[in-house]
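In terms of mature numbering (1 follows the signal peptide of the UniProt record, and there is no 0), the sequence shown is residues -21 to -1, 1 to 110. Ideal placement from N, C-alpha and C gives every residue a C-beta, glycine not left out. Note that the coordinates shown come from a computational prediction; the quantities given were computed from them, not determined experimentally.
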Amino acid sequence: MNLFFTAAALCLLYTAGSVYGRSQDCPSEEVVTGCFIRDGECACDSGCPPTIFPYRDEDACRRAVEVRNDDMCRARPCKNNGYCTQKRDGYKCFCHGTGHYGEHCELPCLRPARQRLVRDPDFPSECILMG
C-alpha cells in the first residue's frame, strides 16, 4: 500500500514538473519566455510548453500593470448599483434606474419625479421615472 502512494506522489510531481517546468526540462528550441502579473507586479520567467505567458516581455507587462492601476472603476466608486465608466480623465458614475443621483450615486431620489419635474427645473435626470 505504501508503495502505491509513493508511486502516485512521484507521478504527480513528474506531471506538475512538466506542466510548470523550467527551461532545462525541454529542448532549447521549445523554451517559452514571457511575463505575467502577480500581486500587481510583473514577473518574468521561461518554461516549457504548455506554459503560457500573457505578455511577451517586461515592457508589455508593465504597460498592462499601468492600465490596471489607472482603472479607477476597479475601486467601485459608484454606490447603490450605479454603473462606472472609465474616462480619459477619470471615471463617471451612471445612476439611472437606481433611485439615486449624485457624483457617486450616493444621494437618494426623494420624491417621484412626476410630481417634482414640473416644479423643479434642477431635478436630477437620474430620478425621472419612465413608464
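Cβ pair residue i, residue j closer than 7 Å
{"i": "Lys58", "j": "Cys84", "result": "yes"}
{"i": "Gly13", "j": "Tyr34", "result": "yes"}
{"i": "Cys27", "j": "Glu37", "result": "no"}
{"i": "Val10", "j": "Ser25", "result": "yes"}
Cut-off 8 Å between Cβ atoms - residues of its own chain near residue i, not counting five sequence neighbours on either side
{"i": "Gly61", "result": "Cys72, Phe73, Cys74, Thr77, His79, His83, Cys84"}
Rounded Cβ spacing between residue i and residue j (contact assumed at less than 8 Å)
{"i": "Pro87", "j": "Tyr70", "result": "Not confirmed; about 21 Å, so no contact."}
Endpoints, beta strand (DSSP E) assigned at residue i
{"i": "Ala54", "result": "Run containing Ala54: none; DSSP gives neither H nor E here."}
{"i": "Tyr34", "result": "Segment: none, Tyr34 is in no beta strand (DSSP E) and carries neither H nor E."}
{"i": "Ile16", "result": "11 to 17"}
{"i": "Phe73", "result": "69 to 73"}
{"i": "residue 114", "result": "Absent from the structure is residue 114, since the part of the chain shown begins at -21 and ends at 110."}
{"i": "Gly26", "result": "20 to 26"}
Cut-off 6 Å between Cβ atoms - residues of its own chain near residue i, not counting five sequence neighbours on either side
{"i": "Cys40", "result": "Cys14, Cys21, Tyr34"}
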